Amino acid sequence: MSAEASYYVPEQSKMPILMAAAMGLAAFGAGRWMITGDSLMCILGVVAIATMMYFWFTTVIDENLRGLPSAQLKRSYVWGISWFIFSEVMFFAGFFGALFYLRNIAMPWLGGDGVGVHNPELLWNGFEAEWPLLHTPDQALNGENAKFVGAHESLSYPGLSGLLHWLPLYNTVILLFSSYTVHLAHHALKHGDNRKKFNFWLGFTVVLGLIFLCLQVMEYREAYGHYGITLTSGIYGTTFFMLTGFHGFHVAMGTLMLAIQLLRSFKGQFTADDHFGFEMSSWYWHFVDVVWVMLFFFVYII
Amino acid sequence: MAHGPAKGVTRWLFTTNHKDIGTLYLWFSFAMFILGGFFAMVIRAELFEPGMQLVRPEFFNQMTTMHGLVMVFGAIMPSFVGLANWMIPMMIGAPDMALPRMNNLSFWILPPAFLMLASTLFMEAGAPNFGWTFYAPLSTTYAPETVNYFIFAVHIMGASSIMGSINIVATVLNMRAPGMTMMKMPLFVWTWLITAFLLIAVMPVLAGAVTMMLMDINFGTAFFEAAGGGDPVLFQHIFWFFGHPEVYIIILPAFGVISEIIPTFSRKPLFGYASMVYATSAIAFLSFIVWAHHMFLVGMPVSGELYFMYATMLIAVPTGVKVFNWVSTMFRGAISYETPMLFAIAFVILFTLGGFTGLMLAIAPSDIQYHDTYFVVAHFHYVMVAGAVFSMSAAVYYWLPKWTGRMYNEAMGKLHFWISFIGFNITFFPQHFLGLGGMPRRYADYALQFADWNMVSSIGAFIYGASQILFLYNVIATIVAGKKVSEPKTWDGANGLEWSLPTPPPYHTFTTPPDASVIEENSTVAH
Amino acid sequence: MLRKALRLFSLTFLALAGMHVHAAEQEVSSTTVLNMPTGVSTISHQIYDLHMLIFWVCVVIGIGVFGAMLWAMYFHRKSIGHEAENWHEHLGVELVWTIVPIFILVAMAWPATTTLIEIYDTSDAEIDIRVTGSQWKWQYEYMGEGVQFLSQLASSQDEIYNLDEKGEFYLQEVDNPLVIPVDTKVRFLLSATDVIHSFWVPDFAIKKDAIPGYITETWVEVTETGVYRGSCTELCGQGHAFMPVVFNVVEKDEYEFWLAEKIQEAEAIAALTEQTFTMEELMARGEEAYLTSCALCHQANGQGVPPAFPSLVGSAVVTGPIDAHLEVGVNGVPGTVMQAFGNLLNEVDLAAIMTYQRNAWGNDMGDIVQPIDVYNYKQGQ
Ligand code: HEA
Ligand code: HEA
Ligand code: CUA
Ligand SMILES: [Cu+2]
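Below, the structure written as structure tokens:
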């Protein structure tokens, strides 16, 4: 009861309004960037957002160290993060939905299925549906002059023989493993408060995250250079880059979050029963991992 | 913690207080309502007679688009978030919202977003002109360059809604006073809980949709371009996967408000509390699986059409339960007709009419004739204006005395109601005829046989618009010079924890949770 | 004004009382619109009946619900001393009003399903017409006949901007209506070149989106001859209200006659393409074609409405090399509303327009574009 009574309602704070200003700046700057090509304002806005996030999180951590939040407030944080992750799930669901629709409904339709039986005949000059889409309708119609030029080759499952040279497989192993290592870190902290082990496994996870990112950069270079998979190579390139791209961005964020938790751990901020920041970061990490498994399955394998 | 508000403007800029933030949301949404209403007045003035009189067709499209966007995202949604901020902590016995600083942030990113959106009106390329549903490729390849501002504005609005909703969910799930079990919560809290869930689920999908647009426009991707293997119809699927739940996001909190007001003025407990909760959940669930009823004419296979038709029709069942419950609540009560009750009754009648036309639209073969005509426009203004806006007016009259400690002028309130009610019906009832008679929507100009009804509709719109001036005046007059009231219960039939607080409530309330007996005594839920 | 309004409201009341005010014969020129037209196609009657069925179901439910409500509002007022009772639950009635509506819905869904399935049956059409929407005109192609033409708004800009009296069919008239025979199943294959349009004729009860890059289809079998007017119903930019659809439904032999004529015209054009024209001929033809096809945006005086529509007077493209000019005319400017006219206009008209643009309004280039040039340009790509 008394714990409930002392729910910590912070006094006035300048952070939100500054954050709002930063977000406004970034958004307006981004619009301007797209139109005029001038990115300065957007970059300033993003830097301002990052700065405000730094202050905001520092404040919250500081409050926590001072013992202000009650158990109830911490539950609020947990709810907050959980629902935030849910919103992220829905964001990805939108893109996966798009992939599904394009592959299984739009593509056959363009190729002449269903009501649109006349599509290849009247509009796209004999276009044939295939996935991964390497020869776009645009190419079928306009040949050399096409704006959307398909890739030479896809990054899909190359068969058993090519397995060892197949980057996505390595990435999958790495990411799955990292989910396990972050779990080991959590375990070490929670059961026995073993800080050394915690730091080790957490550090290990961060390194895995970095390796993943490096591999992905390599993959992108290869995709652009060798395979001809680009943002403009039609729907295959589009979905490939958008899905893996947003995922990669989330990995980067997750790695950053975990790295920060590592720094905090060096500062001795976690205890066996109070390590909220780490726990939430690890949840986020697991989420990112699950998304990858889906990606691996839907983008690369089938 | 125990002291009152800060002085000056910093009170509003830096506040973490749910009542302050609620007030900010309410005023902001009212400003947006006036802005969106102003756009509507331009539309109605241009449509007063056939021929182009005031604006160019291009500008007309901008008005239609901005009207829809500003009303939906700027007026209605924030107004209910404001109401949630004010009322939910007081209704469940919480000291404040769960995450007060984020609460402030989720409000303060709205003004920049709408400023950005509105500023496109003054840019050379003009404001967004592709309708509030922004179908590709009109909104991508063929859009004015300002579409980029529009896209980022939508991102920010989405962020605001998601943060606001997370806050509400956390508050309801975690901040209830001991003894305030889920099934004792006032219905307004329930409807908002479910609304918040819907928002968290679909706003990210909208963000995804505009992100795809952004990529198609600026980076050469092919989501919505058949030449690259994409499909313009994909856009519609994604948009309506957001868009249909969105319309229930708009109406569910309104249901909540009405479920508070009708029992109060009928002096009888809400009929079928539990079934109200289940019905609301059922509506929320169904709202996810009916989206393509907006797309009956894009050439889906017949099996798809049939599925979406059946699923959509089902929504009439839980919604009907709610309507029947309201009527039963009134039945054999002791009804009195203060302004909030007048609005609530008008809500029930007019919303039901709008629901009926919705059901007609759901019948796929008939929708061939209704689709994209003024029949649809009439449908959604019945549910959104006579639904959401009327319930918002009702809510303001209902809780204004509690918020300000001053009573509004009843006569003026009634006058506002009657002018609104009549003006509204003159505006939108004839639009059914226009639609059935063959007038498509989003038309800057129309054939001669539609002239009469359009003129009637425009006159109605001016009447309805004028009544909103009365509303504004009444609210301000109440705040500035209304008769002081101090008894906790403004309305003798009212129940709910908010009425156990002093009037006006102190800056911080329930810093210690209310007693279980207080909760029991003031419960809106009959036992 | 007020009297007019009152009259309209009394009509409204009549409509609610079930009187269907039927528009005179086939032309929808009556000034009072109230209800959906019963229409003149095999499907339109079914849809109309379905519409009235749901309407009446809703009216009956409405009377029940609002009746109970008004009853309570009147007899259970506090001001007449009615005391509130306290009941607030009753499983029985709650079940009833959950289950009964389900049956009502099934009763509505049944005829809707059969109608819908019939609407989807596009097989066995005798005539296929390809309909292509562009900003802001329709192109019609009688498939397999080699006949195709553009159909555009015939009401003048002056009528729109109130400089001229509006005609009877203001905004519902076109230069070239579609002609189809009565009692024949006609299928439409729809698509669009730029944005989504939608093809609607209320009296036929057909409406379908025309989507760029995809083909959608619908069909009609009209049972009465006459002129029927419809519209584009998907927001497609500033000319959205200005791209009507007009059908002329005629007897079968009349249709055959019309079609034969059209085929001949097409052949004549093909022959003309090989001819060489004089400047005067091209200028005359060009002016006419320019006014119908281009003036909507670039204006009759060629000055356009900058910045939206550039002026062609002294324009670098128009007064530059012929090839560059042809490129814009034939292929348009991708991503803008300046569309590719190569497929929309025939070689003769295109050549005439080019010549006209190059020599009108003081452009005075003095050169001539012949149909064969256009033809060669198209082939060369
Ligand atoms: C608050 C917003 C709101 C609400 C609550 C609703 C409620 C409903 N809407 Fe509406 N709708 C919109 C906002 C809303 N709508 C908007 C904005 C658009 C247009 C978007 C655009 O294109 O711009 C739209 C468009 C729209 C369409 C697409 C039309 C078209 O473009 O062709 C359809 C089609 O099915 C539809 C159906 C319904 C149905 C079945 C309901 C149901 O929920 C209604 C249920 C209620 C009742 C049925 C009445 C009460 C019930 C009883 C008394 C019980 C007994 C009744 C029976 C058994 C009949 N709506
Ligand atoms: C909740 C949302 C909401 C609300 C409240 C309204 C309110 C109104 N709407 Fe709306 N409307 C939409 C949502 C909403 N609308 C949407 C989503 C669309 C579709 C857009 C699209 O097609 O993309 C639409 C489209 C739409 C159209 C069709 C446009 C077209 O197809 O081209 C019309 C036409 O009559 C219209 C009219 C009105 C009117 C007269 C009001 C009135 O209720 C407004 C009254 C309010 C005021 C007038 C402001 C307050 C008063 C003053 C500022 C005082 C000054 C007053 C005077 C000068 C008289 N609306
Ligand atoms: Cu074409 Cu609207
Ligand atoms: Cu819907």
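Chains as they are written, first to last, in our numbering: chain A, 120 to 421; chain B, -12 to 514; chain C, 1463 to 1843. Glycine included, every Cβ here is placed at the ideal spot set by N, Cα and C. Computed from a prediction, not measured in an experiment: that's the story for all the values here.
In this structure, residue 338 of chain B sits away from residue 381 of chain B, with a CB-CB distance that is not shorter than 8 Å. CA-CA distance, residue 144 of chain A to residue 459 of chain B, rounds to 32 Å.
The beta-carbon of residue 191 of chain A is placed less than 8 Å from the nearest beta-carbon of chain B.
Collapsing the DSSP output to three states places residue 0 of chain B in a helix.
Along the region 1647 to 1660 of chain C, going in chain order, the ones with a CB nearer than 9 Å to a CB of chain A are 1651, 1653. With a cut-off of 7 Å, the C-beta of residue 231 of chain B is classified as near ligand 4, since at least one heavy atom of the ligand falls inside that distance. With respect to chain C, the C-beta atom of residue 242 of chain A has a partner C-beta closer than 8 Å.
Residue nearest to residue 1499 of chain C within the set B:250, B:421, B:21 is B:421 (criterion: CA-CA distance). Exposure of residue 1769 of chain C is indicated by the presence of fewer than 16 other C-beta atoms within 10 angstroms of its C-beta. Among the residues of chain A, none has a CB under 9 Å from the CB of residue 385 of chain B; the nearest is roughly 26 Å distant. Not one beta carbon of chain C lies nearer than 8 Å to the beta carbon of residue 309 of chain B.
Taking a contact as a CB-CB distance under 8 Å, the pair residue 85 of chain B and residue 157 of chain B counts as one, their CB atoms being some 4 Å apart.
Taken through DSSP and simplified to helix, strand or coil, residue 1539 of chain C comes out as strand. Beyond the five residues adjoining it in sequence on each side, residue 428 of chain B comes within less than 7 Å, by CB distance, of 359, 360, 361, 363, 364 in the same chain, given in chain order.
Per DSSP, the beta bridge partners of residue 360 of chain B are B:427. In this chain, the alpha helix (DSSP H) harbouring residue 233 of chain B covers 219 to 253.
Across the set A:377, A:126, A:167, the C-alpha of A:167 shows the shortest separation from the C-alpha of residue 146 of chain A. With contacts defined as CB atoms closer than 8 Å, residue 187 of chain B and residue 149 of chain B qualify as a contacting pair.
Under the three-pair Cβ rule at 8 Å, the region 485 to 492 of chain B does not count as touching the region 49 to 60 of chain B. Nearest neighbour of residue 1525 of chain C by Cα position, chosen from B:336, B:465, B:507, B:410, turns out to be B:336.
Against residue 114 of chain B, chain A offers no close residue; the least beta-carbon distance is about 13 Å (beta-carbon pairs closer than 7 Å).
Restricting attention to B:115, B:278, B:214, the CA atom closest to the CA of residue 221 of chain A is found in B:214. B:463 is the residue among B:480, B:463, B:474 whose C-alpha sits nearest the C-alpha of residue 14 of chain B. Taken through DSSP and simplified to helix, strand or coil, residue 117 of chain B comes out as coil.
Around the beta carbon of residue 333 of chain A, fewer than 16 other beta carbons lie within 10 angstroms, which makes this residue exposed. In the displayed model, residue 1694 of chain C falls within a strand according to three-state DSSP. Taking a C-beta distance under 8 Å as the contact criterion, residue 183 of chain B and residue 235 of chain B do not qualify as a contact pair. Counting along the chain, residue 384 of chain B sits inside the alpha helix (DSSP H) bounded by residues 377 to 391. Per DSSP, reduced to three states, the secondary structure at residue 1676 of chain C is coil, with no helix or strand assignment.
In terms of beta-carbon proximity, residue 76 of chain B stays away from the interface with chain C, with every pair separated by 8 Å or more. Of all residues in the region 1615 to 1627 of chain C, the ones placed with a Cβ closer than 7 Å to any Cβ belonging to chain B are 1622, 1623, 1624, in chain order. In terms of Cβ geometry, residue 32 of chain B and residue 41 of chain B form a close pair [threshold 8 Å]. In this structure, ligand 3 has no non-hydrogen atom nearer than 7 Å to the beta-carbon of residue 247 of chain A. Taken in chain order, the members of the region 85 to 112 of chain B whose beta-carbon sits within less than 9 Å of a beta-carbon on chain C are 111, 112. When only Cα atoms are considered, residue 159 of chain A and residue 121 of chain B end up about 29 Å apart. When CB distances to chain A are screened at a threshold of 9 Å, the residues of the region 151 to 185 of chain B falling below it are 152, 153, 154, 156, 157, 158, 160, 161, 162, 164, 165, 183, 184, in chain order.
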